[in-house]
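Asker: Be aware that the sequence shown starts at 1, since it is given in the UniProt record's numbering, and climbs by one per residue.
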Amino acid sequence: MHWYKKFRHIFLIAIIFFVVTSFQTFEYLSYSKSIMQEQRKIAFREDAEVMGYRFQQRMEQQLIMLEALADYVVKEDDFSKENIIHFREYNTLLSDFKQIAIADIETGEAAYLDGIIVDISQKRFFQEALGKSRSIQFFQEEGRGDEEIILTTPLYSGNILKALLIAHVNYESVEKYILSDSYGGEGFLCVTDKQGNIMGWHPGNRHFDGQNNILAFFNANNISLEKTLDNGAEKENLFIYSSEGKVWYSSYTPLEINGWYLFSTLPEYLVTQNDDLFEELKIDLIVKMLFINIAACILIYFLIRNEKAAVEKENNCLRTAEEVAGMISFEGDYRKDTFVVNNNYFKQFGRNPVMHKISDFAKPHPFIFEEDREVFMKLGQELIDGKVTGNAQYRLLGKDGNIQWHQFVYRVWHDRHGIPLKCYGMIVPIDQQMKVISKLQMQVEKDPLTGVLNRMAFEIYANLSLNGESGSQNHALLLLDLDDFKQINDGYGHVLGDHVLVATAELLKACVRNSDYVGRLGGDEFAVFLKNVNKEQAAKKAAEICEALEKEEMKSDEAIVTCSIGIACFPQNGADFNELYLRGDQALYRVKGKGKNSFMLAD
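1. Spatial neighbours of HIS356 within its chain, please: CB distance less than 7 Å, with the 5 preceding and 5 following residues excluded, ordered by chain position.
2. Is it buried or exposed, GLU234, if we count other Cβ atoms within 10 angstroms and call 16 or more buried?
3. If you draw a straight line from the C-alpha of MET426 to the C-alpha of TYR345, how long is it?
4. My assumption, with CB atoms under 8 Å, is that ALA548 sits in contact with CYS569. Please give the rounded CB distance.
5. Quick check on DSSP: helix, strand or coil for ASN316?
6. Do you know how far the Cα of LYS446 is from the Cα of GLY390?
7. In three-state terms, what does DSSP make of GLU234?
8. Could you tell me if ILE541 is buried or exposed, where buried requires 16 or more neighbouring beta carbons within 10 angstroms of its beta carbon?
9. Say the cut is 7 Å; is the CB of ASN219 nearer than that to a heavy atom of the ligand MG?
10. Does the distance from the CB of TYR424 to the CB of ARG411 come in under 8 Å?
11. Tell me which same chain residues have a C-beta within less than 6 Å of the C-beta of VAL118, skipping the five on either side of it?
12. Return the Cβ separation of GLU148 and LYS98 in integer angstroms, given the expectation that the two are a contact with Cβ distance under 8 Å.
13. List the whole-angstrom C-beta distance separating GLU552 from ASP481, where the pair is believed to meet the contact cut-off of C-beta under 8 Å.
14. Is the distance from the Cβ of PHE263 to the Cβ of THR192 below 8 Å?
15. Between the Cα of PRO353 and the Cα atoms of LYS378, VAL375, GLU312 and LEU397, which residue gives the shortest distance?
16. Identify whether THR562 lies in helix, strand or coil by the three-state DSSP scheme.
17. Could you tell me the alpha carbon to alpha carbon distance between residue 608 and TYR461, rounded to whole angstroms?
18. For GLY491, count the other beta carbons within 10 Å of its own beta carbon; 16 or more makes it buried, fewer makes it exposed. Which is it?
19. Does the Cβ-Cβ distance between SER242 and ALA48 come in under 8 Å?
20. Please state the DSSP three-state secondary structure of GLY468.
21. Just to confirm the assignment: which complete beta strand (DSSP E) runs, minimum length 3, are found wholly within the region 98-157?
22. On a Cα-Cα basis, can you pick out the residue from ILE150, PHE188, LEU189 and GLY131 that is closest to LEU161?
23. Can you tell me the Cα-Cα spacing of ILE150 and GLU128, whole angstroms?
24. Would you decide whether VAL247 is buried or exposed? Buried here means 16 or more other CB atoms lie within 10 Å of its CB.
25. Expressed to the nearest angstrom, what Euclidean distance is found between the alpha-carbon atoms of ALA163 and GLU106?
26. Is DSSP giving GLN61 helix, strand or coil here?
27. Does the pairing of the region 452-468 with the region 569-582 give three or more beta-carbon distances under 8 Å?
28. How far does the beta strand (DSSP E) with MET600 in it reach, from first residue to last?
29. Could you tell me if GLN404 is buried or exposed, where buried requires 16 or more neighbouring beta carbons within 10 angstroms of its beta carbon?
30. At what residue ranges does the UniProt domain "GGDEF" (473-603) contain a whole run of the alpha helix (DSSP H), taking only runs of 4 or more?
31. Helix or strand or just coil, what does DSSP make of GLN56?
32. Give the secondary structure of THR338 by DSSP, where H, G and I count as helix, E and B as strand, and everything else as coil.
33. Using C-beta distances below 8 Å, list every residue in its chain close to TYR589, excluding the 5 sequence neighbours before and after it, in chain order.
34. Could you pull out every residue in the same chain whose Cβ sits closer than 7 Å to the Cβ of GLY593, ignoring the five residues on either side in sequence?
35. To which residues of the same chain is LEU255 closer than 8 Å at the C-beta, ignoring the five residues directly before and after it?
36. Put ARG351 into one of helix, strand or coil per three-state DSSP.
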């Protein structure tokens, strides 16, 4: 009996131990399953937000490029649709655009670069673009399944709207830009308006039983989204439904474009792909009885190791993809105060990163162009403060010693109390795009002979100073006219005349500060806008210019160049450029009448 009692005690202890450990193991597995499911849902929702941001960013970049092209087009003498072929050479800089066209707003006829003229007067994208400063629309040609994104921006002649500049965006380039690697070809995207009408995108309308309204489809599945879509900021934007005999997870993100929404959809098994394994473990717990503790512990060990290996493999794949694409990505942890970039940073810049902690962004970056440091410091402070999103464009010293443009983009994730936890983002090279924009800006703003501001640009910058933050300060407008320039031009030839104009422009730039403006208003008439000066300082500067110009050595020793200057002060002589110009012009002609080669203040 003694051995029986001993065996019974051991058996009872073993049973109790088994029950307790089995229960704990069962609870652990159930808890682990729910945590992993929730983490996958969160990752899916965040992935949808990132793709929505990528979509908006891509569209904004395309619109900026189209508006830059529009600025270039309107500088031409004739930008009618018949002359669209003249801009074909420029189109090579905009490879993301599938086609470029100019549309007549009166007839609705659009002329494309390939010479084809199409009547688009009845197209919805054309009608909706009229009267707007810019527009983005989806478009599908009848009889074709391909969908395109149509971007439009107006073309003005003076203040009169003459035409629309239209761009068909290359669909594949945008799709590759925003589509997440985590989809693996299993999920899809679609864009809808606020009423749920499917605008287009990654082909998913077949998934919705051929319906063109996503709300109608969800209502048929007893899922009501009307109230949810009315509140675009609502966080609970993940829902589950059945279609095609499968269960699907879908998340929507509001876009800041036409009130649209981006729907991201995945099959259930991608979100809950480890559930079957947990179920097998539970069954194994019941069947194997006493051996389940050891088996469960071993299995859990391998699960953790395999999960860790899978995550590491996924991270390696992501890092490899980023390295192949040349993309610099980063991750920051607010609790640990860490900031880590991938290996592409060293490959691109030839040096280790300066920032190793989020708090390091409070310090000036030694390799950022001096004029852009204030912009980057502001962005860095916003990142430290945990602002949800941010981006800035700045110039950075590359490994070859050249200054290159980059864009810093980030997104911060917070806990439920609003405390920042993590930040993720990219450093994107945009040097080529900025050079294109800078070239266009030079063509629009600069006088082709002298390189100073033309009349239109000079007037715009002057009015911005008069009406902006410096509008409370004193400024001065100097109108300068070369004395007897016609005699120089006729007597010594146009070559010397052009040299005099160029030399005068260079002299004016040398006489003023970098913050002041120098412009050529036409012929031999120049203008200087002096910021934050009183009339005495303006008069002193005018005398300095007269003296310097008279001493300037021209190509001909016999040619002596002098000038007359009229000065108008803000706010005493006028409230805007036109008023200052009128008063300065009056003072200029009084100087001309009193012998020239001098200056005079407006009354």
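Note that the Cβ used here is the ideal one computed from N, Cα and C, for glycine as well.
Answerer: The structure says:
1. PHE339
2. Below a pLDDT of 50, predicted positions are generally treated as unreliable, and GLU234, at 49, falls in that range; no measurement from the model is reported.
3. 11 Å
4. ALA548 to CYS569, Cβ: 22 Å. No contact.
5. helix
6. 32 Å
7. Any reading at GLU234 is ruled out, since the residue's pLDDT is 49, under 50, leaving its predicted position unreliable.
8. Rather than Ile, the amino acid found at residue 541 in this sequence is Lys. When all chains shown are included, LYS541 counts as buried.
9. In the structure on display, the ligand MG does not appear, and there are no ligands present to speak of.
10. In this structure, the beta-carbon distance from TYR424 to ARG411 falls below 8 Å.
11. ALA110
12. 7 Å
13. About 16 Å; that fails the 8 Å criterion.
14. In this structure, PHE263 lies near THR192, with their beta-carbon atoms less than 8 Å apart.
15. Comparing alpha carbon positions, the residue from LYS378, VAL375, GLU312 and LEU397 closest to PRO353 is LEU397.
16. DSSP, read as helix, strand or coil, puts THR562 in coil.
17. Residue 608 falls outside the range modelled here, since the chain spans only 1 to 603, and no answer is possible.
18. exposed
19. no
20. Coil.
21. 109-112, 117-119, 135-140 and 147-157
22. Nearest option by C-alpha distance: GLY131.
23. When the Cα atoms are used, ILE150 and GLU128 turn out to be separated by approximately 11 Å.
24. exposed
25. 8 Å
26. Correct three-state label for GLN61: helix.
27. Contact holds: three or more Cβ-Cβ distances are below 8 Å.
28. 599-601
29. buried
30. 485-492, 494-511, 535-551 and 577-593
31. helix
32. strand
33. These residues qualify, in order along the chain: GLY566.
34. Excluding sequence neighbours, GLY593 sits near nothing in its chain.
35. GLY52, PHE55, GLN56, VAL191, TYR261 and LEU262
36. coil
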